[in-house]
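*Asks:* My questions all concern the structure below.
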Amino acid sequence: MQRRPRRNRKSAAVRDMVEETSLSAKDLIYPLFLVDGTQKKIEVNSMPGIFRYSIDKMLSEIESCLKLGINAFDVFPAYQESLKDPIASESYNPDTFYLKALREIKKQFPEACLMSDVAMDPYSSDGHDGLIREGKILNDETLVILGRMSLAQADAGVDILGPSDMMDGRVGYIREMLDENGFSDTSIMSYTAKYASAFYGPFRDALDSAPKFGDKKTYQMNPANIQEALIEADLDMNEGADFLMVKPALSYLDVIRLLHDNYPLPIAAYNVSGEYSMIKAASEKGWLDGERAMLEVLLSIKRAGAKVILTYFAKEFASLSK
Ligand code: PBG
14 MQRRPRRNRK SAAVRDMVEE TSLSAKDLIY PLFLVDGTQK KIEVNSMPGI
64 FRYSIDKMLS EIESCLKLGI NAFDVFPAYQ ESLKDPIASE SYNPDTFYLK
114 ALREIKKQFP EACLMSDVAM DPYSSDGHDG LIREGKILND ETLVILGRMS
164 LAQADAGVDI LGPSDMMDGR VGYIREMLDE NGFSDTSIMS YTAKYASAFY
214 GPFRDALDSA PKFGDKKTYQ MNPANIQEAL IEADLDMNEG ADFLMVKPAL
264 SYLDVIRLLH DNYPLPIAAY NVSGEYSMIK AASEKGWLDG ERAMLEVLLS
314 IKRAGAKVIL TYFAKEFASL SK
């Protein structure tokens with residue numbers, strides 16, 4: 014035999030030397046769920062180890078994550094039903110608890126990278142990411158609301174806006190609004206290829222944000238499609254996005270690879286709630302080794318071409334590698 018690939022696997026030292034992909038806490042963004050009030054830390058039923066925090070508790074959580082080497086956080090708000098309306102007006106109310114919390118986080122931890130979510134669903138009484146008239150999602154009218162929301166978040170000190178709504182033209186619209194209002198340093202991480210996925214289930218539990226009727230298939234992508242991701246990526250790239258995101262991650266590793274190979278922008282992948290909960294549930298049942306499964310999954314996303322990974326495993330990963 015001329016070639017014996019096993020020679021490069023013969024010891025840990027050799028294996029480490031030839032390892033092609035590495036993962037560090039710096040690659041990760043930790044999504045956090047915020048609720049109104051104080052002294053609240055409530056576990057999400059379908060996401061063991063993940064909590065909804067009131068701002069005071071969230072600040073200490075962020076502090077402990079920073080000590081572990083996690084530098085980036087994506088905060089999602091959970092609103093009570095009584096604050097929701099058809100036009101998501103709470104999303105740009107300057108006194109709303111989400112915007113106040115973002116401001117507070119940035120003030121206390123200016124060095125941390127703070128990301129926010131731009132979409133109507135947490136504030137919409139319809140539970141959709143767009144404005145609705147006669148059962149239809151109105152694209153261009155939704156942009157106006159997304160623009161207001163983006164400005165309010167940028168003003169609160171957010172470093173990276175994450176439009177997760179999948180309306181056409183929103184990256185360009187938001188970019189222009191930001192630039193016109195003096196926020197040319199605020200970045201956009203576009204949810205470029207966001208699929209209509211079953212794996213968002215636990216997240217919608219966490220935020221009570223499930224659509225009240227129908228599904229999100231007229232705006233989120235069909236899981237059967239990959240060519241279409243190139244159209245979305247082209248648009249986002251040309252409209253000024255700073256990062257392109259693929260979401261979910263695991264069933265879409267091919268999409269991550271495709272965008273990585275075709276676009277010079279950093280690719281992000283969202284290892285979503287359902288992907289987290291599957292591993293947690295199986296490991297609670299003793300059906301697989303949760304820690305090894307986590308490491309393998311995160312590595313696979315990086316290997317596929319993601320530079321940045323949004324993951325609920327961030328803290329657990331960082332604690333292990335400390
Ligand atoms: C909302 C939004 C969703 C997620 C991030 N932003 C849910 C959805 O589109 O219904 C999902 C995140 C996850 O499942 O972890 N626009």
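For the sequence shown, position 27 matches number 40 in my numbering, and the numbering has no gaps at all.
Even glycine gets a Cβ: it sits at the ideal position worked out from N, Cα and C.
Could you pull out every unbroken beta strand (DSSP E) segment of at least 3 residues lying fully inside the segment 83-132, listed in chain order?
*Replies:* 85-90 and 126-131
*Asks:* What separation, rounded to the nearest whole angstrom, lies between the Cα atoms of E94 and N275?
*Replies:* As a first step, residue 94 must be located in the sequence shown, where it is residue number 81. As a first step, residue 275 must be located in the sequence shown, where it is residue number 262. Approximately 42 Å between the Cα atoms of the pair.
*Asks:* Return the first residue and the last residue of the beta strand (DSSP E) that I63 is part of.
*Replies:* Working through the sequence shown from its first residue, we reach residue 63 at position 50. That residue, I63, is in no beta strand (DSSP E); it is neither H nor E in DSSP.
*Asks:* Pick out whichever of S203, L308, F216 and A317 has its Cα sitting closest to the Cα of S332.
*Replies:* For this step, residue 332 is matched to residue 319 along the sequence shown. When each option's Cα is compared against that of S332, the closest is L308.
*Asks:* Applying the criterion that 16 or more other CB atoms from any shown protein chain within 10 Å of the CB defines a buried residue, is P135 buried or exposed?
*Replies:* To locate residue 135, count along the sequence shown from 1; it is residue 122. P135 comes out buried.
*Asks:* Note the first and the last residue of the continuous beta strand (DSSP E) segment covering N152.
*Replies:* Residue numbering aside, residue 152 sits at position 139 when the sequence shown is read from its first letter. Counting along the chain, N152 falls outside any beta strand (DSSP E), though it belongs to the alpha helix (DSSP H) covering N152 to D168.
*Asks:* For E241, I'd like the list of residues in its chain whose CB is within less than 7 Å of its CB, leaving aside the five on either flank, ordered along the chain.
*Replies:* Within the sequence shown, residue 241 is the residue found at index 228, counting from 1. Around E241: M234.
*Asks:* Shorter than 7 Å, the distance from the beta carbon of D130 to the closest heavy atom of the ligand PBG, or not?
*Replies:* The count along the sequence shown starts at 1 and reaches residue 130 at position 117. True, at least one ligand heavy atom lies under 7 Å from that Cβ.
*Asks:* Helix, strand or coil: how does DSSP classify E56 here?
*Replies:* On the sequence shown, residue 56 is found 43 positions in, with the first residue counted as 1. If DSSP states are grouped into helix, strand and coil, E56 belongs with the strands.
*Asks:* Would you tell me roughly how many angstroms separate the C-alpha atoms of F86 and L115, rounded to the nearest one?
*Replies:* Here residue 86 is taken as the residue at index 73 of the sequence shown, counted from 1. Here residue 115 is taken as the residue at index 102 of the sequence shown, counted from 1. Cα-Cα distance, rounded: 11 Å.
*Asks:* What's the C-alpha gap between D98 and E33?
*Replies:* Here residue 98 corresponds to residue number 85 of the sequence shown, with the count starting at 1. Here residue 33 corresponds to residue number 20 of the sequence shown, with the count starting at 1. Near 49 Å, if we compare the C-alpha coordinates of E33 and D98.
*Asks:* In angstroms with no decimal places, state the Cα-to-Cα distance between M250 and K298.
*Replies:* For the purposes of this step, residue 250 is taken as residue 237 along the sequence shown, with counting starting at 1. For the purposes of this step, residue 298 is taken as residue 285 along the sequence shown, with counting starting at 1. Taking the CA atoms as reference points, M250 sits about 43 Å from K298.
*Asks:* Going by other Cβ atoms of all chains shown within 10 Å of its Cβ, with 16 needed for buried, is D142 buried or exposed?
*Replies:* As a working mapping, residue 142 is identified with position 129 in the sequence shown. With 16 or more other Cβ atoms within 10 Å, it is buried.
*Asks:* Using a Cβ distance threshold of 8 Å, determine whether the segment 303-318 contacts the segment 64-82, with at least three qualifying pairs required.
*Replies:* no
*Asks:* I want to check one thing, is the minimum distance from the CB of F212 to the heavy atoms of the ligand PBG below 7 Å?
*Replies:* Counting from one through the sequence shown, the residue named residue 212 turns up at place 199. It does: the Cβ of F212 is within 7 Å (strictly closer) of some heavy atom of the ligand PBG.
*Asks:* So S59 packs on G253, CB below 8 Å; how close in whole Å?
*Replies:* What you label residue 59 is simply residue 46 of the sequence shown in a count that begins at 1. What you label residue 253 is simply residue 240 of the sequence shown in a count that begins at 1. In fact, because the Cβ distance is near 36 Å, the residues do not count as touching under 8 Å.
*Asks:* Taking 7 Å as the cut-off, does the CB of G227 come closer than this to any heavy atom belonging to the ligand PBG?
*Replies:* Here residue 227 is taken as the residue at index 214 of the sequence shown, counted from 1. No - the ligand PBG has no heavy atom lying nearer than 7 Å to the Cβ of G227.
*Asks:* Taking 7 Å as the cut-off, is the CB of D178 close to at least one heavy atom of the ligand PBG?
*Replies:* Counted from its first residue, the sequence shown places residue 178 at position 165. For D178, the shortest C-beta to heavy atom distance toward the ligand PBG is below 7 Å.
*Asks:* Suppose you measure from the CA of L144 to the CA of M179; what does that come to, to the nearest Å?
*Replies:* As a first step, residue 144 is located in the sequence shown; it is residue number 131 there, counting from the start. As a first step, residue 179 is located in the sequence shown; it is residue number 166 there, counting from the start. Taking the straight line joining both Cα atoms gives about 12 Å.
*Asks:* Per DSSP, what kind of secondary structure is Y43 in: helix, strand or coil?
*Replies:* Taking the first residue of the sequence shown as position 1, residue 43 is located at position 30. In the structure shown, Y43 sits in a strand (DSSP, three-state: E or B).
*Asks:* Beta carbon of G287: closer than 7 Å to some heavy atom of the ligand PBG?
*Replies:* The residue given as residue 287 occupies position 274 in the sequence shown. Yes, the Cβ of G287 comes within 7 Å of a heavy atom of the ligand PBG.
*Asks:* Does the beta-carbon of D139, which I'm using as the reference point, lie nearer than 7 Å to any heavy atom of the ligand PBG?
*Replies:* The residue you call residue 139 lines up with position 126 of the sequence shown. D139 Cβ: outside cutoff for every heavy atom of the ligand PBG.
*Asks:* By alpha-carbon positions, which one of K207, L47 and S286 ends up nearest to L272?
*Replies:* Residue 272 sits at position 259 when you count from the first residue of the sequence shown. Of the candidates K207, L47 and S286, the one whose C-alpha sits nearest the C-alpha of L272 is K207.
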